[in-house]
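The structure appears below as structure tokens.
2 protein chains.
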Amino acid sequence: MMFERVLIAEDHESSNISVRKTLEDLGIEIAHYVFYCDDALTWIQKARQNDEPYDLLITDLSFEEDHNKQRITGGTELIKAVRQAQPNLKILVFSAENKAAVIDALYDELGINAYVRKARNDAQELKLAINTIYKSNKYISANLRQGIKAKNAYEFADVDIAIISLLSQGIPQKNIPFHLQQKGISPSGLSSVEKRLNLMREALEFSKNEQLVVYCKDFGLI
Amino acid sequence: MMFERVLIAEDHESSNISVRKTLEDLGIEIAHYVFYCDDALTWIQKARQNDEPYDLLITDLSFEEDHNKQRITGGTELIKAVRQAQPNLKILVFSAENKAAVIDALYDELGINAYVRKARNDAQELKLAINTIYKSNKYISANLRQGIKAKNAYEFADVDIAIISLLSQGIPQKNIPFHLQQKGISPSGLSSVEKRLNLMREALEFSKNEQLVVYCKDFGLI
DNA sequence: CCCCGGGTTACGGTTTCCCGTAAGAAAGGC
DNA sequence: GCCTTTCTTACGGGAAACCGTAACCCGGGG
Numbered sequence: 015m016m017f018e019r020v021l022i023a024e025d026h027e028s029s030n031i032s033v034r035k036t037l038e039d040l041g042i043e044i045a046h047y048v049f050y051c052d053d054a055l056t057w058i059q060k061a062r063q064n065d066e067p068y069d070l071l072i073t074d075l076s077f078e079e080d081h082n083k084q085r086i087t088g089g090t091e092l093i094k095a096v097r098q099a100q101p102n103l104k105i106l107v108f109s110a111e112n113k114a115a116v117i118d119a120l121y122d123e124l125g126i127n128a129y130v131r132k133a134r135n136d137a138q139e140l141k142l143a144i145n146t147i148y149k150s151n152k153y154i155s156a157n158l159r160q161g162i163k164a165k166n167a168y169e170f171a172d173v174d175i176a177i178i179s180l181l182s183q184g185i186p187q188k189n190i191p192f193h194l195q196q197k198g199i200s201p202s203g204l205s206s207v208e209k210r211l212n213l214m215r216e217a218l219e220f221s222k223n224e225q226l227v228v229y230c231k232d233f234g235l236i
Numbered sequence: 015m016m017f018e019r020v021l022i023a024e025d026h027e028s029s030n031i032s033v034r035k036t037l038e039d040l041g042i043e044i045a046h047y048v049f050y051c052d053d054a055l056t057w058i059q060k061a062r063q064n065d066e067p068y069d070l071l072i073t074d075l076s077f078e079e080d081h082n083k084q085r086i087t088g089g090t091e092l093i094k095a096v097r098q099a100q101p102n103l104k105i106l107v108f109s110a111e112n113k114a115a116v117i118d119a120l121y122d123e124l125g126i127n128a129y130v131r132k133a134r135n136d137a138q139e140l141k142l143a144i145n146t147i148y149k150s151n152k153y154i155s156a157n158l159r160q161g162i163k164a165k166n167a168y169e170f171a172d173v174d175i176a177i178i179s180l181l182s183q184g185i186p187q188k189n190i191p192f193h194l195q196q197k198g199i200s201p202s203g204l205s206s207v208e209k210r211l212n213l214m215r216e217a218l219e220f221s222k223n224e225q226l227v228v229y230c231k232d233f234g235l236i
């Protein structure tokens, strides 16, 4: 009636503790925890080999570097690796990340089963999400639904974020065509660059490129 | 031999749980907790009136808005209010904030007793910090010391961040003198604006203002 | 085949920004 | 008082960015 074998990948000790406590409250007996992504993958593989595979992985997104160098450096890559190692494992992401672009990508491209944001009632929501995906496969937070819809401001194309990224790195506008060509991105003409910048500024009611870069920074697009 | 009455102000349920557990481990019996800043101040005042004042406040910095509108909206303002209500109360900030500029200001301007960053071994560090400030008044994380030193890149003056802030809001460079005068900031001449921007770019080895705004964004200066 | 339309690029004029120089103003020493 | 030093401001040439227009390329329909 509930997940039996759960693995927690979370580098923050405090978060790790409260997730464990939450699982305890749910009556889940086997809840292992690791602080590093590499360990997570290892444990999952080993459990499979021993015919005791995990049911559920709860993972954070951002893992901080330290002396203990890792092959897998973040939750996103961990999920990719896990999807290969054990495709049927359900994945719940528990992170403070609040950028619609990032969360959308998790659902759409990596096919995670649930995303719970570290926020006001996160422990309660964690329980709800776990219960939900145990039977129905997907959980999408009510909070999140509106956030995802709120991104109708402007649909950034690949070339757009490439341009803004180059700008934010100090590349002069007139040199951007050259860099775009090198990356095989088109259109790459200087006029096109100017036109797209103009378009973005107009759509977002900005007047200067400085505003564009901070905007994209805020939304995690660069 | 240890704090007797502790108040926790932390809106994230999960963090709240693990802080409580940590205090439990330390043998602190009276650990109240609130999820809103206004409640924190109320409880502190009430406890004082009842001659049972708190010894220690553990608070987060960022509190998220919700339907429950608050007078005090964040940890910084809470600390200011608390310092007035009960100057001798020791304050430990427990937050994910990692910007040297912000943390420095907490120690220097608000006189907090300890800052523990939500990070890999945060629960352990929390215990250490609590023990330390119980006897010695100030705790500064070893991790942090180096971070604070690492900010020797460029010392931003008030006028610098004002200029960059205006730029990031889309104010054309040539209009910045006008806005600076309105705020009573000097120097305000256009040449001075240009000169300061040039100075900053040179010091940080940037070539464009776009880089400056993302840099300041990253370090929480704007 | 030609024509057409969307998307891309090239070209000019105008504005803004960049940067060096020099004039002006304020603070401190003699 | 005067002079020096430092900070601030004013000016002007040159580069970059901005913006409108027009030419170009390229696939689809007639």
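Quick mapping for you: the protein sequence lines, in order, are chains A and B.
Residues in the first sequence are numbered from 15 upward in steps of one, following our numbering.
Residues in the second sequence are numbered from 15 upward in steps of one, following our numbering.
Glycine included, C-beta positions come from ideal geometry on N, C-alpha and C.
On the CB-based measure, 16 or more other CB atoms within 10 Å of its CB, does residue i come out buried or exposed?
| i | result |
| --- | --- |
| D25/B | buried |
| R244/A | There is no way to answer for residue 244/A, as the model of chain A reaches only from 15 to 236. |
| L70/A | buried |
| T90/A | buried |
| N223/A | buried |
| E139/A | buried |
| T56/B | exposed |
| S109/A | buried |
| L218/B | exposed |
| L213/A | exposed |
| K163/B | Any answer about K163/B is weak, because its pLDDT of 48 lies below 50 and its placement is not dependable; what the coordinates show is given next. Exposed: under 16 other Cβ atoms inside 10 Å. |
| D232/A | exposed |
| S202/A | buried |
| D65/B | exposed |
I'd like to know whether the C-beta atoms of residue i and residue j end up nearer to each other than 9 Å.
| i | j | result |
| --- | --- | --- |
| V116/A | I178/A | no |
| E78/A | R134/B | yes |
| K132/B | S28/A | yes |
| T36/A | K141/A | yes |
| I31/A | S155/B | no |
| S221/B | Q225/A | no |
| P191/A | V173/A | no |
| I22/B | R34/B | yes |
| A171/A | L194/A | no |
| C51/B | L92/B | yes |
| L211/B | K188/B | no |
| Q100/A | Y121/A | no |
| I58/A | F17/A | no |
| K113/A | G234/A | yes |
Could you say which of the options lies nearest to residue i if we only look at CA atoms?
| i | options | result |
| --- | --- | --- |
| N151/B | C51/B, V20/B, I126/B, F49/B | I126/B |
| A143/A | A23/A, I31/A, L75/A, L40/A | L40/A |
| E169/A | H193/A, A61/A, I58/A, E216/A | E216/A |
| M15/B | A137/B, Y229/B, L235/B, T146/B | T146/B |
| I72/B | I185/B, A128/B, P101/B, D80/B | A128/B |
| Y47/B | G88/B, G234/B, D65/B, R19/B | R19/B |
| K83/A | Y229/A, A114/A, D53/A | D53/A |
| V96/A | R62/A, E38/A, N157/A, G184/A | R62/A |
Residue i CB to nearest chain A CB: under 9 Å?
| i | result |
| --- | --- |
| K163/B | The predicted model places K163/B with a pLDDT of 48, which falls under 50 and marks its position as unreliable; any figure quoted below should be read in that light. So no, K163/B is outside the interface. |
| T146/B | no |
| E224/B | yes |
| Q138/B | yes |
| V173/B | no |
| A143/B | no |
| L181/B | yes |
| V207/B | no |
| E216/B | no |
| K132/B | yes |
Give a yes or no on whether the minimum CB-CB distance between residue i and chain B is below 9 Å.
| i | result |
| --- | --- |
| F220/A | yes |
| N135/A | yes |
| S186/A | Contrary to the premise, residue 186/A reads as Pro rather than Ser in this sequence. It does: the Cβ of P186/A has a partner Cβ on chain B nearer than 9 Å. |
| E18/A | no |
| D69/A | no |
| T87/A | no |
| L21/A | no |
| F233/A | no |
| D25/A | yes |
| S29/A | yes |
| F49/A | yes |
| A110/A | yes |
| E38/A | no |
| V116/A | no |
| V227/A | yes |
**OP:** Counting only runs of 4+ residues fully inside the region 47-74 of chain A, write out the alpha helix (DSSP H) ranges in chain order.
**Re:** Listed in chain order, they are 51-63.
**OP:** Scan the region 84-125 of chain A and note each continuous alpha helix (DSSP H) run of 4 residues or more that stays entirely inside, going in chain order.
**Re:** 89-99, 114-124
Subject >> Segments assigned alpha helix (DSSP H), at least 4 residues, entirely inside the region 160-236 of chain B >> reply: 172-182, 190-196, 204-218, 223-232
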